[in-house]
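Enquirer: What follows is a structure written as structure tokens; I'll ask about it next.
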Amino acid sequence: MDTVPARTAISADAAQRRRGERARTIPEQIADHLGIAILNGDYRGRERISEQEVATLYGVSRGPVREAIRALEKRGLVELFPRRGAYVVDITLDAIADIFNIRAVLLGLAARNLAMRSDAGDAVAELVEHTNGVRRLAAAEDVDPVAFALAVGRTGGIMYRRCGNPHLIRMLRQQNQGSLWGLIWRERPLDFLTAQRRLETAADWMAVAVAIRKSDGRRAERLVRKALYDSRDGAMVTLRQLRGEQVDPSKFIRD
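Just so you know, UniProt numbering puts 229 at position 229 of the sequence shown, and the rest follows in order with no gaps.
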């Protein structure tokens, strides 16, 4: 298994602080890096994770590694067995495609709910302003795909936090914090790698903002799903190249 040393994780965390995000702890950083390695196929399903090897690789004691592995268990990426240790859960590309499809449905519903609210003027104004910023970022030269992915993610955050559905808000927040979804965009996005994709994505989210401003909930929901399905397709291309796997064609659902 070949992954990123801890000192690189720490420097990445410094970049995160520059973006104004909470600095992650060493166990959180290790968990994220191991999770990304699992996602990319560097660890295979049912492969054992050696605490000592990981501790040596990252230059830390075994304590932070144990915390990281427990975090990975909560995310559903590893299984812990008494006296045997931690084993990687088999994360297939089909499962990752399913996560995109679930996200598309949930976030699409959030967009529809927001569009139908009569008291969402401030949220809509914030969304329009932010999507204008995404468009400017997409048009800029030498855009960091990570920065662009974060900007797109904040677009979804504006929508669901103000959608007025507390159950939906909780589900989307949990998906951000405790599943593969957050890892997909953490350090190396699987989509938005070309200028064309970034421009297409920006146009999609601008259209979502317009639909919400016009209280057209059905159109907003449909456009959000399209944006997520397009991103799913781009991610599958990247992951197929990394992992050498194929995806069940039935996973490529469309409205």
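Using N, Cα and C, we set each Cβ at its ideal position, and we do this for glycine too.
I need the DSSP call for R44, collapsed to helix, strand or coil.
Expert: In this structure, R44 counts as coil in the three-state DSSP scheme.
Enquirer: Using CA coordinates, which residue listed in T56, Y58, A31, R232 is at the minimum distance from A68?
Expert: Cα-wise, what sits closest to A68 is A31.
Enquirer: Could you check whether V208 and A235 sit closer than 9 Å to each other, using their CB atoms as the reference points?
Expert: No, Cβ-Cβ distance for A235 and V208 is not below 9 Å.
Enquirer: Use the C-beta contact count for Q29: other C-beta atoms within 10 angstroms, 16 or more gives buried, fewer gives exposed.
Expert: Buried, since its Cβ has 16 or more Cβ neighbours within 10 Å.
Enquirer: Which of the three DSSP states is assigned to G244 in this structure?
Expert: Here G244 sits in coil by DSSP.
Enquirer: Which partner residues of L80 appear in the DSSP bridge assignment?
Expert: Bridge partners of L80: A86.
Enquirer: For D142, which of A115, R198, A71 has the nearest alpha-carbon?
Expert: Ranking the options by Cα distance to D142, first place goes to R198.
Enquirer: With distances taken between CB atoms, is the gap from I212 to A111 smaller than 9 Å?
Expert: The answer is yes: Cβ separation under 9 Å.
Enquirer: Might you give, ordered along the chain, the residues of its own chain that have their beta carbon closer than 6 Å to the beta carbon of R225, omitting 5 neighbours on each side?
Expert: Taken in chain order, the residues that qualify are A104, G108, D255.
Enquirer: Quick one: measure Cβ to Cβ for L77 and R240, integer angstroms, because I've assumed they're closer than 8 Å.
Expert: No, L77 and R240 are not in contact; Cβ-Cβ is about 20 Å, not under 8 Å.
Enquirer: Tell me, to the nearest whole angstrom, how far the beta carbon of V146 is from that of P189; I am working on the premise that it is less than 8 Å.
Expert: That pair is a contact at about 6 Å.
Enquirer: In whole angstroms, give me the CA-to-CA distance for G45 and Y87.
Expert: So the alpha carbons of these two residues sit roughly 8 Å apart.
Enquirer: What does DSSP give as the partner residue(s) for I49 in the beta ladder?
Expert: A86, per the DSSP bridge assignment.
Enquirer: Anyone know if the C-beta pair for Q180 and I96 falls short of 9 Å?
Expert: The question names Gln, yet the displayed sequence has Leu at residue 180. A contact, by the Cβ cut-off of 9 Å.
Enquirer: Counting C-beta neighbours from all protein chains within 10 Å, is the total for A170 16 or more, i.e. buried, or is it exposed?
Expert: According to the sequence as given, residue 170 is Arg; it is not Ala. Flag for R170 reads exposed.
Enquirer: Please state whether DSSP places R162 in a helix, a strand or coil.
Expert: Three-state result, R162: coil.
Enquirer: Would you decide whether E221 is buried or exposed? Buried here means 16 or more other CB atoms lie within 10 Å of its CB.
Expert: Classification for E221: buried.
Enquirer: Where does R162 land, buried or exposed, given buried means 16+ other C-beta within 10 angstroms?
Expert: R162 should be labelled buried.
Enquirer: Use the C-beta contact count for R75: other C-beta atoms within 10 angstroms, 16 or more gives buried, fewer gives exposed.
Expert: Under this definition R75 is a buried residue.
Enquirer: Counting along the chain, where does the alpha helix (DSSP H) carrying M206 start and finish?
Expert: Element bounds for M206: 195-213.
Enquirer: Between the alpha carbons of E47 and L72, how many angstroms are there, rounded?
Expert: Each residue's alpha carbon lies about 14 Å from the other.
Enquirer: Compare the beta carbon distance of G182 and Q175 with 9 Å and say whether it is the shorter of the two.
Expert: Against a cut-off of 9 Å, the Cβ pair of Q175 and G182 comes out as a contact.
Enquirer: As a quick exercise: from I38, V124, A151, pick the residue whose alpha carbon is nearest that of M159.
Expert: Taking only the C-alpha atoms, the option nearest M159 is V124.
Enquirer: Report the rounded CA-to-CA distance for G156 versus L172, giving the unit in angstroms.
Expert: In a straight line, the C-alpha of G156 is about 10 Å away from that of L172.
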